[in-house]
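Keeping their order, the protein sequence lines are chains A and B.
Per this note's numbering, residue 1103 is the first one in the first sequence, and the count goes up by one each step.
Per this note's numbering, residue 105 is the first one in the second sequence, and the count goes up by one each step.
We treat Cβ as the ideally placed atom computed from N, Cα and C, and that holds for glycine.
These numbers come from a predicted model, not from an experiment.
The structure under discussion appears below in the form of structure tokens.
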Amino acid sequence: MRIIAGQSATRQLAQLGIRPGVTLTVQRTAPLGGPVLVDCAGIMVAIGRGMARRVGVQIIE
Amino acid sequence: MKIALVGQPNCGKSTIFNSVAGYRAATGNFPGTTVRLAWSRVRLNGMLADLVDLPGIYSLTPTNPAETAGRKFLLHEDVSLIINVVDASLLSRSLELTLDLRELGIPMVVCLNMMDEAERRGIKISSQKLSEFLALPVVETIGSRGVGVKQLFREAQRQVHQPPRPASLVAWNHDIERSIRRMQDFLDADSSAQRLPSRFLAIKLLENDEEITREAGIAARNEASRLREQIEQTHGRPAESVIMSERHDCAMRLFNNSATLTRPRPDPRAALDNLLTHRKWGYIFLAAILVGFFWAVFGIGSLIERAIAGKLGLLTALLLFHIPKGSLEYSVVASLMDGVRGGAGIILPYLVPFLFGLAFLEDVGYLPRVAYLLDGLLHRIGLHGTSMLPIILGYGCSVPACLATRILPSRRDRFLASVLATLVPCSARSTVIFALVAYYLGPMWALGIFCFNALVVILSGLLLARIWPEISAGMILEVPRYQWPALRVLAGKVWLRLREFVVLSWPLLIAGSLALGLGARWNFDHYANAALRPLTLVLGLPSSLGTTLVFGVLRKELALVMLALALGTTSVANVLSATQIVVFTVFITFYIPCVATLVALVREIGRKMTALAAAYTFVLATLMGVAARLILPIFLGS
Chain A
1103 MRIIAGQSAT RQLAQLGIRP GVTLTVQRTA PLGGPVLVDC AGIMVAIGRG
1153 MARRVGVQII E
Chain B
105 MKIALVGQPN CGKSTIFNSV AGYRAATGNF PGTTVRLAWS RVRLNGMLAD
155 LVDLPGIYSL TPTNPAETAG RKFLLHEDVS LIINVVDASL LSRSLELTLD
205 LRELGIPMVV CLNMMDEAER RGIKISSQKL SEFLALPVVE TIGSRGVGVK
255 QLFREAQRQV HQPPRPASLV AWNHDIERSI RRMQDFLDAD SSAQRLPSRF
305 LAIKLLENDE EITREAGIAA RNEASRLREQ IEQTHGRPAE SVIMSERHDC
355 AMRLFNNSAT LTRPRPDPRA ALDNLLTHRK WGYIFLAAIL VGFFWAVFGI
405 GSLIERAIAG KLGLLTALLL FHIPKGSLEY SVVASLMDGV RGGAGIILPY
455 LVPFLFGLAF LEDVGYLPRV AYLLDGLLHR IGLHGTSMLP IILGYGCSVP
505 ACLATRILPS RRDRFLASVL ATLVPCSARS TVIFALVAYY LGPMWALGIF
555 CFNALVVILS GLLLARIWPE ISAGMILEVP RYQWPALRVL AGKVWLRLRE
605 FVVLSWPLLI AGSLALGLGA RWNFDHYANA ALRPLTLVLG LPSSLGTTLV
655 FGVLRKELAL VMLALALGTT SVANVLSATQ IVVFTVFITF YIPCVATLVA
705 LVREIGRKMT ALAAAYTFVL ATLMGVAARL ILPIFLGS
């Protein structure tokens, strides 16, 4: 996983446990271009679509 | 002596605070509720201390103004002891903050809270091992049931004069440790006196912390950037990221050494979330919850109102029985009683169930879900989901809503959210809507006003976003698990907001009613009404309502009681037409925020912006009032 975002957003994500190398599970997405709800080690985080686009992931099944 | 409660958002700090402070802090189950620092003087086994409940922070490197406020307090306020509240079910993440806090060199106790939740998740923690590894005392608690809180404060008292000892397991990677040491030596060699531990400063400088870097001398800054480059070269990524993952690894190591994982028990709350955040059902439930909330508040409120109003009327009649009509005493007693009746008979019946319902939705953790559901929609008006939190809080009271905008990182988002939050009807204005429109015209009309208001808020958002365009950074919001709020905590929260009404608005209301009563006796009100005549004329309201609008700026609910007084009757429907009732309510709902909100706005967005916001709401209110006046007769046929 790679994150290409500003320092503040990267920090914010990292504080919630979302940082390079971790496994995320997408729980659901909201309609109307709404956020993505991801589960990261038991913590649920809602990430806006624009921000989520900056989180590069490798898909594992 | 100051004791600070520090922890990540939703770790249950405020619940622990409430259980010793006697209901004096506000709590909420979403990130950043306690943006105003709640504090209380407590007696710990005969020792007097100021217990401060800090806003939830994820780490000591702040990412929004609420976190900055929290850190500033820890760094500059001479804190004697830190109680680090940790959500045991999120132990490894929470320990990262604990490790950061250790570096401050302040005596510290770790409070391992929500032990029941951890157990449910299959996490078995040995607090003894954790305590050994961290070299800090660890006390297990279940804050919602008050388990272990006494032991926690007993331990706190014992630790006051014991700064943290070094611990072997909390060591950094070899080359990072060397860089930290070098930076530390550099800072120590600098002659200018440091109030903060040099090790903490060294770490934060290597992490490229904005504030600390700004305050450091040029030489230290250069040294830090040299060391940062070195780390970046060795590790192939920014020093900041390296240090963050170091801390993370360290926390993981602590976690693995002190906790064992077993199979978690199935959680029925996951099924609940399948419904409440569903692509389609989520919105249907959201609408159902809001309408249900509305009906419940109105139903309970009008029930209480009917029960109380008759008794108070009887009491007034009894008091006035022996006083000759037309005398000064008669006017004084009658208008004083009007004020008392207005508070107890009209406002309290709606205010209490409203505040209770809102506190419940807040503490149960539903609001972040609302933010999640509405983020897509909000993006169309240039905001994002997190901005929804202060706006929803605005339904309770605009003042905490303005303060809650501090959880937003961008200045522009804070401006937009605080202006929109003041447009939303707060509990005082909702009371006006309930007691006037719902009571006289029927609850569907009141619901209509709420919907109309929501529409105007959305349109205002569109307008303001166009005036101040900026690409919103996007939402990053933790969605906490649902929690059943303890009744004790809810009651504390309702009381906190109610107290303001009882000690501030109600006396003001009684005084205002006296002023109006005596003014009417000597015809003073005519001058005020004459001055406001242009406004009442435009809105098509009786000119005697001019003064009530002025009272509304002081406190919104005053306008309601003053309305009954100015008209000389409590059965408003006999004097005002349905259209006039709606116009009055719409105007009250939108026009200039009350004094307390104006003060909060000045603090959050500055004087100029506040003046602009007030002017905007005034123009908006007048326009909406006139529109209602012109359009409604078509439907009402009057």
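C-alpha of residue 211 (chain B) to C-alpha of residue 145 (chain B): approximately 19 Å in a straight line. From the beta-carbon of residue 1161 (chain A), no residue of chain B is found nearer than 8 Å; the closest lies around 21 Å away.
Where residue 287 (chain B) is concerned, the enclosing alpha helix (DSSP H) starts and stops at 278-293. Note that the stretch 631-651 of chain B does not touch the stretch 580-599 of chain B; fewer than 3 beta-carbon pairs, one per stretch, sit closer than 8 Å. Separation of residue 177 (chain B) and residue 303 (chain B) (C-alpha to C-alpha, rounded to the nearest whole angstrom) is 19 Å. By DSSP's assignment, residue 1131 (chain A) forms a beta bridge with A:1138.
Residue 143 (chain B) carries a strand assignment under DSSP once its states are collapsed to helix, strand and coil. Using a Cβ-Cβ cut-off of 7 Å, residue 1147 (chain A) counts as an interface residue toward chain B, since at least one Cβ of chain B sits closer than that to its own. Taking C-beta atoms as the reference points, residue 229 (chain B) and residue 192 (chain B) count as a pair closer than 7 Å.
Residue 378 (chain B) carries a helical assignment under DSSP once its states are collapsed to helix, strand and coil.
Taking a Cβ-Cβ threshold of 8 Å, the residues of chain B close to residue 1139 (chain A) are 381, 476 and 583, in chain order. The beta carbons of residue 284 (chain B) and residue 316 (chain B) sit about 14 Å from each other, so the pair does not count as a contact at 8 Å.
Sequence-ordered contacts of the stretch 334-347 of chain B with chain A are nonexistent [C-beta pairs closer than 7 Å].
Chain order gives no chain A residues near residue 316 (chain B), where near means a beta carbon separation below 9 Å; the closest approach is about 14 Å. The residue among B:200, B:231 and B:375 with its C-alpha nearest the C-alpha of residue 215 (chain B) is B:231. Here the alpha carbons of residue 1135 (chain A) and residue 1154 (chain A) stand approximately 11 Å from one another. At least 7 Å separates the beta-carbon of residue 495 (chain B) from that of residue 463 (chain B). Under DSSP, residue 244 (chain B) takes part in a beta bridge, and its partners are B:216.
When Cβ-Cβ separations below 7 Å define contact, residue 197 (chain B) makes contact with chain A. Taking the Cβ atoms as the reference, residue 473 (chain B) lies roughly 5 Å from residue 381 (chain B), within the contact range of under 8 Å. In the structure shown, the three-state DSSP call for residue 467 (chain B) is helix. Taking a beta-carbon distance threshold of 7 Å, residue 358 (chain B) does not count as an interface residue toward chain A. In the same chain as residue 503 (chain B), and ignoring 5 residues on each side of it, the C-beta atoms closer than 7 Å to its own belong to 700, 701 and 704, in chain order.
Taking C-beta atoms as the reference points, residue 581 (chain B) and residue 1148 (chain A) count as a pair closer than 7 Å. Shown here, residue 207 (chain B) sits in coil according to DSSP, grouped into three states, outside any helix or strand. Per DSSP, the beta bridge partners of residue 227 (chain B) are B:365. Contact annotation for residue 1144 (chain A) against chain B: 193, 194 and 225 [CB-CB distance below 8 Å, chain order]. Residue 489 (chain B) and residue 369 (chain B) have their alpha carbons spaced roughly 31 Å apart.
Here DSSP, grouped into helix, strand and coil, assigns residue 386 (chain B) to helix. Rounded to the nearest angstrom, the Cβ distance from residue 154 (chain B) to residue 121 (chain B) is 12 Å, too far for a contact under 8 Å.
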